[in-house]
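With my numbering as the guide, the letters of the sequence shown map in order to residues 37 to 422.
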Amino acid sequence: MDFTLNEEQKMLVDTIRTMGQREKFKELARHVDETGEFPYDLLNKYADLGLLGMTISAEHGGGGQPALNAILCIEELAKFSPMIAAPVFESNVGPVRVIDIFGTGEQKKTIVPGVCRGELSVSVCMTEPEAGSDLTALTTHADEDGDDYILNGRKCFITGGGHASHYMVYTRFGGVKGYKGIGGLLVEKGSPGFTFGKQEKFMGLRGMPSCDLIFDNVRVPKKNLVIAPGEFGKLMWTFDIERCGNASMCLGIAGGAFEEAKAYAMERKAFNRPICEFQAVQFMMADMAAKIDAARLLVYRAVSGAGQGLPSIYEASMAKSYANEMVVDVTNTAMQVFGGYGYSTEFPMERMYRDAKAWGVAGGTIQMLKIGIAGMIFGRRFDQRK
């Protein structure tokens, strides 16, 4: 399997790197972390470069490019900060892709072009106070009422909450238990009865909007149904790409930490020598490089399959779970290379470590993914309810 980048992809990566230097993304990453202000100004710049919706179908304003191209962009931008990579992530591997693949013609015309222009955004809404890893335990419910659904319930830890223009809400229909009753509704911000909780404050990913969503008899037109109840398999299929996006964030953070550690090891001196000349530091750098490359191969393999619509739950789950663990190990080791400075807020390492911790929870925990992987290894499903 050949993962050599073609000339177009090499140019794409070079363009991102040049933009990062020109726009001073390192300084921007620090500013976002200190202020908690999301860099919305990037949306227009990314739209002008065609980075928003680059994997979305061309007939609706997207780029129609392979999924790997978006993964390459996310990885390169996340070397500076996941916040800087977030618009590319959300517009290419987020819930807008569900609309692009499974939505009606009207839904696509209404949402997709605006996302590609940076004018609209879509948040995925799944997690609830009592339903995270067990998605079949959702209690948010939608009941039919003429040409509408009446939506009631609460979601939590919703990325983009309060700031996104549209919300892909996974809910239970008609009181049907289990996964057969779950489907997806598109809810617009400002709908009567749809309100937001307070913005969360996290250890890392500062600047990323996140809050509870409260639905109190929200009237949603039936034409906003994207995933019908009983089509849970479609929902899980779209997760393959989103998990690859999660893993590419990890690649970027780890790659950024590695580059910072490498530069520091060549400049910092101890005993009148650059610390890169000491075997202990060489071992740490070699271990980091191997882990990043191993994760990258897993991610590229998975996204190559998922991007073609092939069954790749196994590959995507393995790539994400390994990358989630890898990024914590690598940022921790990179901090060690920096010594005391790694723990100082004057340097980016402590921020990178904080940002690294989030991805093993978002998009499916490492432990739940490994249970799924084990099920595929043994050819049987392990029911966690027993």
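Using N, Cα and C, we set each Cβ at its ideal position, and we do this for glycine too. These numbers were taken from a predicted model, which means no experiment stands behind them.
- Can you pull the DSSP bridge partners for residue 257? 184
- Message: In this structure, how does DSSP classify residue 397 when only helix, strand and coil are distinguished?
- Response: coil
- Are the C-beta atoms of residue 336 and some chain C residue less than 8 Å apart? No chain C appears in this structure, which consists of one protein chain only.
- Message: Rounded to whole angstroms, what is the Cα-Cα separation between residue 230 and residue 132?
- Response: 20 Å
- Message: By DSSP's criteria, residue 208 is part of a beta bridge. Which residues make up the other side?
- Response: 177 and 218
- Kindly indicate which residue of 330, 366 and 42 has the alpha-carbon position closest to the one of residue 354. 330
- Item | Residue burial classification, residue 380 (beta-carbon count within 10 angstroms, cutoff 16) | exposed
- Task: Sort 143, 233 and 113 by Cα distance to residue 222 and report the nearest one.
- Result: 143
- Counting pairs of Cβ atoms below 8 Å between the region 108 to 118 and the region 53 to 61, do you hit three or more? yes
- Task: Reducing DSSP to helix, strand and coil, say where residue 305 ends up.
- Result: strand
- Query: Going along the chain, which residues of its own chain have a beta-carbon closer than 7 Å to the beta-carbon of residue 239, five neighbours each way excluded?
  - Reply: 390 and 393
- Item | Beta-carbon proximity check, residue 97 vs residue 129, cutoff 8 Å | no
- Relative to the C-alpha of residue 166, which residue among 174, 159 and 160 is closest? Distances from the alpha-carbon of residue 166 to those of 174, 159 and 160 put 174 closest.
- Nearest to residue 275 by CA position, among 351, 118, 155 and 382, is which residue? 351
- Query: When the Cα atoms are used, what is the spatial distance from residue 388 to residue 41?
  - Reply: 27 Å
- Task: Could you tell me which of 126, 180 and 268 sits nearest to residue 159, measuring between CA atoms?
- Result: 126
- Query: What is the DSSP secondary structure of residue 291, counted as helix, strand or coil?
  - Reply: helix
- Going by alpha carbons, who is nearest to residue 249 out of 213, 153 and 193? 193
- According to the neighbour-count rule (16 or more other Cβ atoms, all chains shown, within 10 Å of its Cβ), is residue 420 buried or exposed? exposed
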